[in-house]
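Visitor: Take 1 as the starting number for the sequence shown in full-length UniProt numbering and just add one per residue.
Glycine included, each C-beta is placed from N, C-alpha and C at the ideal position.
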Amino acid sequence: MSLRAGELGLVLVTGATGRVGRVLVEALLAHGQRVAVVSRAPAVVERLWPGQRVEARCADLARPETLAGVCAGVETLIHLASYAPAADEPDIYEAPGHWTVTAEGSRALLAEARSAGSLRRMLYLSTVKAMGDATGARGHPVGPDEVEPAPETAYGRAKLVAEGELLASAAALDIPGCVLRLPMVYGLAGEGNLARMIAAVAAHRFPPWPRIDNHRSAVHVEDAVAAVLLAVAHPASAGRTYCVTDGGAYSTRWIYECICRALGRPVPRWTVPLWALRAAAGAGTLGERLLGRRMPLTLEGLDKLVGDAWFSSATLERELGFRARYRLDEEIEGLVRAREARAD
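1. Curious, which full-length alpha helix (DSSP H) runs of at least 4 residues does the stretch 227 to 286 contain?
2. Could you tell me how far apart the beta carbons of P210 and T271 are, in whole angstroms, since I believe they sit closer than 8 Å?
3. So, does the stretch 155 to 175 touch the stretch 264 to 281, judging by three or more C-beta pairs under 8 Å?
4. Is the Cβ-Cβ distance between V37 and V25 less than 8 Å?
5. Quick check: the Cα distance between Q256 and V201, rounded to an integer number of angstroms?
6. Under the rule that 16 or more other beta-carbon atoms within 10 Å means buried, what is P235, buried or exposed?
7. Using a Cβ-Cβ cut-off of 7 Å (strictly less than) and excluding sequence neighbours within five positions of E94, which residues of its own chain qualify?
8. In whole angstroms, what separates the C-alpha of A314 from that of E333?
9. How would you call Q33, buried or exposed, if buried means at least 16 neighbouring beta carbons within 10 angstroms?
10. Where H31 and G239 are concerned, what is the direct C-alpha to C-alpha distance, given to the nearest angstrom?
11. Do the CB positions of T127 and R181 come within less than 8 Å of each other?
12. Which residue from A86, A195 and S82 puts its Cα closest to that of G156?
13. Rounded to a whole number of angstroms, what is the C-alpha to C-alpha distance between P208 and A218?
14. Between A150 and G132, which are expected to be in contact by the criterion C-beta below 8 Å, what is the C-beta distance as a whole number of angstroms?
15. Helix or strand or just coil, what does DSSP make of Y155?
16. Write down every uninterrupted run of the alpha helix (DSSP H) in the stretch 163 to 211 whose length is 4 residues or greater and which is fully enclosed by it, in chain order.
17. Rounded to the nearest angstrom, what separates A324 and G247 at their Cα positions?
18. How is H98 classed by DSSP in three states: helix, strand or coil?
19. Between which two residues does the alpha helix (DSSP H) carrying L320 extend?
20. Would you say E75 and L28 are within 8 Å of each other, going by their C-beta atoms?
21. Thinking C-alpha only, which one of P183, S251 and V11 is nearest D223?
22. Please confirm if C58 has its CB atom under 8 Å from at least one CB of chain B.
23. Secondary structure at L24, three-state DSSP: helix, strand or coil?
24. Contact defined as beta carbons within less than 8 Å: I believe Y186 pairs with H220. What is the distance between those atoms, to the nearest angstrom?
25. Given a threshold of 16 other Cβ atoms within 10 Å of its Cβ, counted over all protein chains shown, does V147 qualify as buried or as exposed?
26. What's the C-alpha gap between A171 and R57?
27. Could you give the C-beta distance for S312 and P141, rounded to a whole number, given that I count them as a contact under 8 Å?
28. Between which two residues does the beta strand (DSSP E) harbouring A56 extend?
29. Taking the continuous beta strand (DSSP E) assigned at R121, which residues delimit it?
30. Candidates G21, L12 and V336: which alpha carbon is nearest G69's?
31. I need the straight-line Cα distance from L160 to L123, nearest angstrom please.
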């Protein structure tokens, strides 16, 4: 589906200054939509979108009193905002801020949306962590309709609450509302977990990874944004929850080997045993608790690298016609080339 100019009315985007949010706002503008964003820092909005291309509405999800009137005149709400842990914050998926901002802040925002009287549609961009990371351990990718959500972290539980608040608010207003759940997002212009892993391998700080055949899903940011634009205007998305992936199933070992080859290096014949990684991760977890700051490797981080998180976007493809355009192997090569170009 292609959006007509102005089709969505005034679109309010929360989380617009984040990595995915910035791409989404640019896509909305490119499709001729009117955009307002919720931000604690209007100066950042002006810097990102100068010349009043985007209306800034100053508010903070952690302070519900600042949200009064934030949805006035809004016809489409696209909600991305969630708690962003500080760079050195330990145990990031269990941070108390997830509940304050993501759960309670979303509840307050959606109460404002219900009282505005102008909403015609809404969408929440969530995470597969609202389902639980181990979902893919069943031996096949799963969609949101196949399992009961079992989030394993405070982050996932807060996201699940926010999902429910949006769907309930849409139902109360008798307007379309849907949820999209994202796995690891790549294509973030040198940012994100993939870029950090490439930097670590290039600097010889990432060990030769054990040959573990785990399965993890991923999606390119452009595909994630395309899914948002498709779902927010599609009548069949009302009341639905979808996973968005590029269709691949990637093991950490496969990603490691791709990075080595893209760097022009041979893949080491030896690997670090899993028991040694678990010992190092255990020490990292203990260090976080004692020192109160983030460590390079923890048990939770290791579980992400060796575990399964395998999800299916088949329902999104079947019901809305979604098709991913990007694949992870192409992105790895592009990131390495871009990194080498910056070094030159």
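Guide: With the structure as the only source:
1. 252 to 262
2. Start at 1 with the first residue of the sequence shown, and residue 210 comes out as number 210. Start at 1 with the first residue of the sequence shown, and residue 271 comes out as number 271. Correct: roughly 5 Å between the Cβ atoms.
3. no
4. Working through the sequence shown from its first residue, we reach residue 37 at position 37. Working through the sequence shown from its first residue, we reach residue 25 at position 25. Closer than 8 Å, so yes.
5. Here residue 256 refers to the residue found at position 256 when the sequence shown is read from its first residue. Here residue 201 refers to the residue found at position 201 when the sequence shown is read from its first residue. According to the sequence as given, residue 256 is Tyr; it is not Gln. So the two alpha carbons sit approximately 8 Å from each other.
6. Stepping through the sequence shown from its first residue, residue 235 is reached at position 235. Under this definition P235 is an exposed residue.
7. Sequence index remark: in the sequence shown, residue 94 carries index 94 (1-based). Hits under 7 Å: T153 and A154.
8. One-based indexing of the sequence shown puts residue 314 at position 314. One-based indexing of the sequence shown puts residue 333 at position 333. Answer to the nearest angstrom: the Cα atoms are 27 Å apart.
9. The count along the sequence shown starts at 1 and reaches residue 33 at position 33. Per the 10 Å Cβ criterion, buried.
10. Here residue 31 is taken as the residue at index 31 of the sequence shown, counted from 1. Here residue 239 is taken as the residue at index 239 of the sequence shown, counted from 1. Approximately 24 Å between the Cα atoms of the pair.
11. To locate residue 127, count along the sequence shown from 1; it is residue 127. To locate residue 181, count along the sequence shown from 1; it is residue 181. Taking 8 Å as the Cβ cut-off, T127 and R181 qualify as a contacting pair.
12. Start at 1 with the first residue of the sequence shown, and residue 156 comes out as number 156. Out of A86, A195 and S82, S82 has the C-alpha closest to the C-alpha of G156.
13. By one-based count along the sequence shown, residue 208 stands at place 208. By one-based count along the sequence shown, residue 218 stands at place 218. Answer to the nearest angstrom: the Cα atoms are 22 Å apart.
14. If you number the sequence shown from 1, residue 150 lands on position 150. If you number the sequence shown from 1, residue 132 lands on position 132. Correct: roughly 4 Å between the Cβ atoms.
15. Stepping through the sequence shown from its first residue, residue 155 is reached at position 155. The answer is helix: DSSP assigns Y155 an H, G or I state.
16. 193 to 202
17. Translated into the one-based positions of the sequence shown, residue 324 becomes position 324. Translated into the one-based positions of the sequence shown, residue 247 becomes position 247. C-alpha separation (whole angstroms): 8 Å.
18. As a position in the sequence shown, residue 98 is number 98, starting the count at 1. Here H98 sits in helix by DSSP.
19. Position 320 of the sequence shown holds residue 320. L320 -> alpha helix (DSSP H) spans A314 to L320.
20. On the sequence shown, position 75 is the one that residue 75 refers to. On the sequence shown, position 28 is the one that residue 28 refers to. It is not a contact, given that the beta carbons lie outside the stated cut-off.
21. Translated into the one-based positions of the sequence shown, residue 223 becomes position 223. Of the candidates P183, S251 and V11, the one whose C-alpha sits nearest the C-alpha of D223 is P183.
22. Protein chains in the displayed structure number just one, and chain B is not present.
23. To locate residue 24, count along the sequence shown from 1; it is residue 24. Helix.
24. As a first step, residue 186 must be located in the sequence shown, where it is residue number 186. As a first step, residue 220 must be located in the sequence shown, where it is residue number 220. Indeed, because the Cβ distance is near 6 Å, the residues count as touching under 8 Å.
25. Locating residue 147 in the sequence shown gives position 147, counting from the first residue. So V147 counts as exposed.
26. For this step, residue 171 is matched to residue 171 along the sequence shown. For this step, residue 57 is matched to residue 57 along the sequence shown. In a straight line, the C-alpha of A171 is about 26 Å away from that of R57.
27. Start at 1 with the first residue of the sequence shown, and residue 312 comes out as number 312. Start at 1 with the first residue of the sequence shown, and residue 141 comes out as number 141. 4 Å between Cβ atoms; contact.
28. In the sequence shown, the residue the question calls residue 56 occupies position 56. Where A56 is concerned, the enclosing beta strand (DSSP E) stretches over E55 to C58.
29. If you number the sequence shown from 1, residue 121 lands on position 121. It spans R121 to T127 - the beta strand (DSSP E) in which R121 sits, taken as one unbroken run.
30. Your numbering for residue 69 matches position 69 in the sequence shown. Nearest C-alpha to G69: L12.
31. Counted from its first residue, the sequence shown places residue 160 at position 160. Counted from its first residue, the sequence shown places residue 123 at position 123. Approximately 14 Å between the Cα atoms of the pair.
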